[in-house]
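Peer 1: Before we start, here is the structure in question, set down as C-alpha cells.
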Amino acid sequence: MASLETMFDVRGKSVIVTGGASGIGRAYAEILLQQGARVCIFDIDAEGLDRTVADLAEGAGQGGEIWGQQVDVGDRRAMAMAFDAVADRHGRIDTVFANAGIDPGPGFMTPDGERNPDGAIENIPDSQWDRGIEINLTSVYTTVKNAVRHMKPNGGGQIIVTSSIASQINESIVGTSYMPAKAAVNHFVRHMAMELGAFGIRVNAILPGPFITNIAGGRLRNKADRAAFERQSLIGRIGDVEDIKGLALLLASPAGAFFTGSLIVIDGGALTRMT
Ligand SMILES: NC(=O)c1ccc[n+]([C@@H]2O[C@H](COP(=O)([O-])OP(=O)(O)OC[C@H]3O[C@@H](n4cnc5c(N)ncnc54)[C@H](O)[C@@H]3O)[C@@H](O)[C@H]2O)c1
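Those letters in the sequence shown? Residues 4 to 278, per my numbering, in order.
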C-alpha cells in the first residue's frame, strides 16, 4: 500500500505554471516547489516574475528549483521556445498548469448593482473581446499543444487548466468574453482528456469560485467589492490562495492518478447556492 509520502510525491518533477507570478498560479508553483519539484513560471509581468521567483526560492523543498521566463501566453512562437527551454534545462516536462488568465474588461453591471455602459455589448471594443478570448481560451490551446509535444515522447504527464465557476453561471460584473471563454475551456479539457488518455496524459480543470488575487485590479481585496461574493459562499468567506494548494498537489501527484476529464469546483459552495 502506498504511504502518504509516495502518494503525494512530486520530487524532481518538471513543472510549468503559466501566470505563476501572482495569485492562484503562484500558489500552484509554491506548493509544488515546497514538495521538491523543479518549477518554471511563465508570466508576462517581468517584475512580478522576478519577485515571485526570489520569494518562493527560499521555501524550496529538497531538490526543488524555481526559475522564470517572461512570456506572453498569447504569443505562440514565444510559448514554443519557452517550453523547449524548460525541456532543455529539466530534461523533460511532467506537469503543466495552464493558468494565466485575465479579466477582459468591465461587466455590464457594477458591483453596486448599477448598469455599466462601458460593459454593454454594443460598447465593448472588439480588441477587448479578442484579447479576452486570446488569453482565456486560445492560450490554453497553445499551452496544451506545447505540453503534449513534450509529454508524448516521455509516455505521459499531467495538464491542469484553471477554468472558473463562471464557466457554469453568468456573472454580470465580469467582462462578457470571460464566460464563453471559460465554458469553452471546460469542453476543451474534456476533449483533450479523451484524446490523450491513451498516451498517459491526464487533463483536468480546476474551477475556482472567487479568490483574493490580483485579477480585475485586485478588487476582491476591497471589502465592499468582496461583500457580494461573500454572501454567495456557503461558508461565509471567499477563497484564499492557500485553499487551492491541496487540490493542485493532488492533481499533479500519484494520488490523482485516476482523475482525467474532471472539472473540479473549489468555491466554498458558491455554485451550489447559485444553481
Ligand atoms: N481570482 C479568482 O477569483 C478566480 C476565479 C476563477 C478563476 N480564476 C482564474 O485563475 C487564473 C489565475 O488568475 P488569478 O486570479 O490568480 O489572477 P492574477 O491576476 O493574480 O494572476 C494572473 C497572472 O497571470 C499573468 N498573466 C496575465 N496575462 C498574461 C499573459 N498574456 N501571458 C502570461 N502571463 C499573463 C499575470 O501577470 C498574473 O501574474 C485565471 O485563469 C483566472 O481566470 C480566478
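Note that beta-carbon positions come from the ideal geometry of N, C-alpha and C, so glycine has one too. Given the structure is predicted, the values throughout are model-derived calculations rather than measurements.
If you draw a straight line from the alpha carbon of G104 to that of H194, how long is it in whole angstroms?
Peer 2: Their backbone Cα atoms lie some 20 Å apart in a straight line.
Peer 1: Between the alpha carbons of E8 and G249, how many angstroms are there, rounded?
Peer 2: Roughly 14 Å separates the two Cα atoms.
Peer 1: Using a Cβ-based criterion (distance less than 8 Å to any ligand heavy atom), does I162 qualify as near ligand 1?
Peer 2: No, Cβ of I162 sits at least 8 Å from all heavy atoms of ligand 1.
Peer 1: Got a sec: does ligand 1 put a non-hydrogen atom nearer than 8 Å to the Cβ of R29?
Peer 2: Checking the Cβ of R29 against ligand 1 gives yes.
Peer 1: Applying the criterion that 16 or more other CB atoms from any shown protein chain within 10 Å of the CB defines a buried residue, is P211 buried or exposed?
Peer 2: Buried: at least 16 other Cβ atoms inside 10 Å.
Peer 1: Hey, could you find the ends of the beta strand (DSSP E) S17 is sitting in?
Peer 2: Taken as a continuous stretch (DSSP letters only), the beta strand (DSSP E) holding S17 covers S17 to T21.
Peer 1: Please state whether DSSP places A184 in a helix, a strand or coil.
Peer 2: A184: helix per DSSP, three-state reduction.
Peer 1: If you run the structure through DSSP and keep just helix, strand and coil, what is A123?
Peer 2: Correct three-state label for A123: coil.
Peer 1: For D243, count the other beta carbons within 10 Å of its own beta carbon; 16 or more makes it buried, fewer makes it exposed. Which is it?
Peer 2: Counting Cβ neighbours within 10 Å, D243 comes out exposed, since fewer than 16 surround it.
Peer 1: Based on DSSP bridge pairs, tell me the residues matched to Q161.
Peer 2: For Q161, which the question treats as bridged, DSSP gives the partners T98 and R205.
Peer 1: Enumerate in chain order the residues of its own chain whose CB-to-CB distance from S166 is below 6 Å, with the five nearest sequence positions on each side excluded.
Peer 2: If we look at S166 and ignore the five residues flanking it on each side, its Cβ neighbours are K185, V188, N189, A208 and L210.
Peer 1: Do the region 86 to 98 and the region 155 to 169 meet, that is, are 3 or more Cβ pairs less than 8 Å apart?
Peer 2: Flag = yes, the region 86 to 98 and the region 155 to 169 touch.
Peer 1: Among I215, L266, Q131 and R240, which has the Cα closest to the Cα of A287?
Peer 2: Nothing about residue 287 can be reported from this structure: the residues present for the chain run from 4 to 278 only.
Peer 1: Any chance you could list the beta strand (DSSP E) runs of at least 3 consecutive residues sitting entirely within the region 202 to 258, in chain order?
Peer 2: Taking only runs of at least 3 residues, the beta strand (DSSP E) segments lying wholly in the region 202 to 258 are 204 to 211.
Peer 1: Between the C-alpha atoms of Q131 and P107, what's the straight-line distance to the nearest angstrom?
Peer 2: About 6 Å.
Peer 1: Closer than 8 Å to a non-hydrogen atom of ligand 1 - does that hold for the CB of N102?
Peer 2: Checking every heavy atom of ligand 1 against the Cβ of N102, one is found closer than 8 Å.
Peer 1: Rounded to the nearest angstrom, how far is the Cβ of A251 from that of Y31, given a contact under 8 Å?
Peer 2: Confirmed, about 5 Å.
Peer 1: Tell me which residue opens and which closes the alpha helix (DSSP H) that G135 is part of.
Peer 2: Counting along the chain, the alpha helix (DSSP H) containing G135 begins and ends at D129 to I136.
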